[in-house]
Amino acid sequence: MRTEHSTAPVAGPSGQGATGSATAVAHPNIALIKYWGKRDQRLVLPWTSSLSMTLDLFATTTRVRLDPGAGHDTAALNGVPATGETLRRITAFLQLVRETAGSGVRAVVDTENTVPTGAGLASSASGFAALAVAAAAAYGLDLDATALSRLARRGSGSASRSLFGGFVVWHAGAETGTAAEADLGSYAEPVPAAGIDPALVVAVVDAGPKEVSSREAMRRTVDTSPLFRPWAASSEDDLADMRAALRRGDIDAVGEIAERNALGMHATMLAARPAVRYLSSATVTVLDRVLQLRREGIAAYSTMDAGPNVKVLCRRADAERVAGAVRDAVPDDTVLVAGPGPGARLLGEGT
Ligand code: 2P0
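See below:
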């Protein structure tokens, strides 16, 4: 994978350059400025730009192998054959790659995922980022990281951000113009951050699958929540403030902005009809403990995604103290410490 930025995906000559198989690894990311709501479902274009930190935990490793004799795609997640909606999304994504590559050959996908699937810990982000990198290489597409972020976006919006390590912005892109222009304008890129040494303490208060998928919850929020548009407008301001806070290395401001943006996102879905509530009593227990930590003088700030788990942003130097406090608050739950992780990368081709 090349890493320089270009403005357009470059397709290899049809069928040529395809290695036939490739393996890639990607890590999940946690949004500090959230993506919540699509303005185009097919192209996966978001209403707002978002900003995340890629983690150094929960890697996903995916191998794509072309199978000229196969009549359809197959996929296995941690050795279990994918079916239903999961297989449909993988096949639709591979179809997009095939259309770009001018290939009709089906593929076998093998994914090893260390993220608790469906628990609001962004398994689709690392999953589609790894799949985009591996599938592009297997089908012989010559794409740089920016173009790969656009491609990964089509699988799952947040996957666009996992192409890069550290802090990453995903641009919503312009609201006007052709579909091709809109597609081109919505990509991820790294964000400069000065002198920040952050950690995210992850409290896995529930690792089970969620009742309402984030895709459905987003759609319902956009369609029915009176709070969605105001939040989307304020999120643009949050993003500008966040970029400034990262530039000056102000972790307190980074945390405050992230926390208010996440609580605002959850407010939009609480106001949806019918309401979507991902936060549980265990979530609130952790939120209370984080507030208490701040009263004790520790910079610690909470963010939650489409699930009850809480990620607490703090200085790396404070991470063990924060993790200890969170463990005391929810002693039966898993609490992990993550740092900034790397972008998606190809592990091998033709293997
Ligand atoms: C985010 N989330 O920015 C937000 C915050 C959840 C809450 O991105 O429909 O799996 O596949 O584009 O990327 C989860 O949504 O949704 C998500 P699709 P995705 O991380």
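In this note's numbering, each number is its position in the sequence shown, counted from 1, plus 240.
Yeah, the Cβ is synthetic: ideal placement off N, Cα and C, and Gly gets one too.
Remember, predicted model here, so these are calculated numbers, not experimental data.
Taking only three categories from DSSP, how would you classify ILE273?
Locating residue 273 in the sequence shown gives position 33, counting from the first residue. In the structure shown, ILE273 sits in a strand (DSSP, three-state: E or B).
Closer than 7 Å to a non-hydrogen atom of the ligand 2P0 - does that hold for the CB of ALA422?
Position 182 of the sequence shown holds residue 422. Flag unset: Cβ of ALA422 not near the ligand 2P0.
Looking at the ligand MN, does it come within less than 7 Å of ASP463, judged from the CB to the closest heavy atom?
No copy of the ligand MN appears in this structure; the ligands present are the ligand 2P0.
Counting only runs that start and end within the stretch 510-556, where is the beta strand (DSSP E) found for 3 or more residues in a row?
540-544, 550-555
Just grab the DSSP bridge partners of SER363 for me.
Numbered from 1 along the sequence shown, position 123 holds the residue referred to as residue 363. Bridge partners of SER363: none, in fact.
Nearest neighbour of ALA365, chosen from GLU496, PRO286, ASN269 [CA to CA]:
Locating residue 365 in the sequence shown gives position 125, counting from the first residue. With distances taken between Cα atoms, ALA365 lies closest to ASN269.
Quick check: SER289 and TRP410, are their CB atoms within less than 8 Å of each other?
Residue numbering aside, residue 289 sits at position 49 when the sequence shown is read from its first letter. Residue numbering aside, residue 410 sits at position 170 when the sequence shown is read from its first letter. A contact, by the Cβ cut-off of 8 Å.
Round the Cβ separation of VAL349 and ILE330 to the nearest angstrom and send it over; I've been treating them as touching at under 8 Å.
In the sequence shown, the residue the question calls residue 349 occupies position 109. In the sequence shown, the residue the question calls residue 330 occupies position 90. Right, their Cβ atoms sit about 6 Å apart.
Mind listing, in chain order, the continuous alpha helix (DSSP H) runs of no fewer than 4 residues lying wholly within the stretch 452-487?
454-464, 468-487
Does the count of Cβ pairs from the stretch 506-522 and the stretch 421-435 closer than 8 Å reach three?
no
Distance, GLY311 Cα to THR461 Cα
Along the sequence shown, read from residue 1 onward, the residue named residue 461 stands at position 221. Along the sequence shown, read from residue 1 onward, the residue named residue 311 stands at position 71. Approximately 38 Å, taken between the alpha carbons.
Nearest by alpha-carbon distance to VAL265: which of GLY277, ARG459, THR300 is it?
Looking up residue 265 in the sequence shown gives position 25. Comparing Cα positions, the closest option is THR300.
Mind checking who SER261 pairs with in its DSSP beta bridge?
Counted from its first residue, the sequence shown places residue 261 at position 21. ARG305, per the DSSP bridge assignment.
Run through the DSSP bridge pairs and tell me what ARG561 is partnered with.
Position 321 of the sequence shown, counting from 1, holds the residue named residue 561. Bridge partners of ARG561: none, in fact.
Apply the 10 Å Cβ neighbour rule to VAL530 and answer buried if 16 or more other Cβ atoms are within range, or exposed otherwise.
The residue you call residue 530 lines up with position 290 of the sequence shown. Answer is buried; the Cβ neighbour count reaches 16.
What's the C-alpha gap between ASN353 and ALA493?
Translated into positions along the sequence shown, residue 353 becomes position 113. Translated into positions along the sequence shown, residue 493 becomes position 253. Roughly 33 Å between the two C-alpha positions.
What residue from VAL552, ARG303, VAL452 has the CA that sits closest to LEU586's CA?
As a first step, residue 586 must be located in the sequence shown, where it is residue number 346. Of the listed residues, the one whose Cα sits closest to LEU586 is ARG303.
Using 10 angstroms around the beta-carbon of THR416, count the other beta-carbons present and answer buried if the total reaches 16, otherwise exposed.
If you number the sequence shown from 1, residue 416 lands on position 176. Counting Cβ neighbours within 10 Å, THR416 comes out exposed, since fewer than 16 surround it.
From what residue to what residue does the alpha helix (DSSP H) around THR331 run?
For the purposes of this step, residue 331 is taken as the residue at position 91 of the sequence shown. Unbroken alpha helix (DSSP H) run through THR331: 324-341.
From which residue to which residue does the beta strand (DSSP E) around ALA443 run?
On the sequence shown, position 203 is the one that residue 443 refers to. It spans 438-444 - the beta strand (DSSP E) in which ALA443 sits, taken as one unbroken run.
Buried or exposed: which applies to ASN549, given that a residue is buried once 16 or more other Cβ atoms fall within 10 Å of its Cβ?
Position 309 of the sequence shown, counted from the start, is the residue given in the question as residue 549. Answer is buried; the Cβ neighbour count reaches 16.
ARG282 classed as buried or exposed, judged by whether at least 16 other C-beta atoms fall within 10 angstroms:
Locating residue 282 in the sequence shown gives position 42, counting from the first residue. Exposed, since its Cβ has fewer than 16 Cβ neighbours within 10 Å.
Just tell me which of SER292, THR340, PRO286 has its CA closest to the CA of GLY495.
By 1-based counting over the sequence shown, the position of residue 495 is 255. Of the candidates SER292, THR340, PRO286, the one whose C-alpha sits nearest the C-alpha of GLY495 is SER292.
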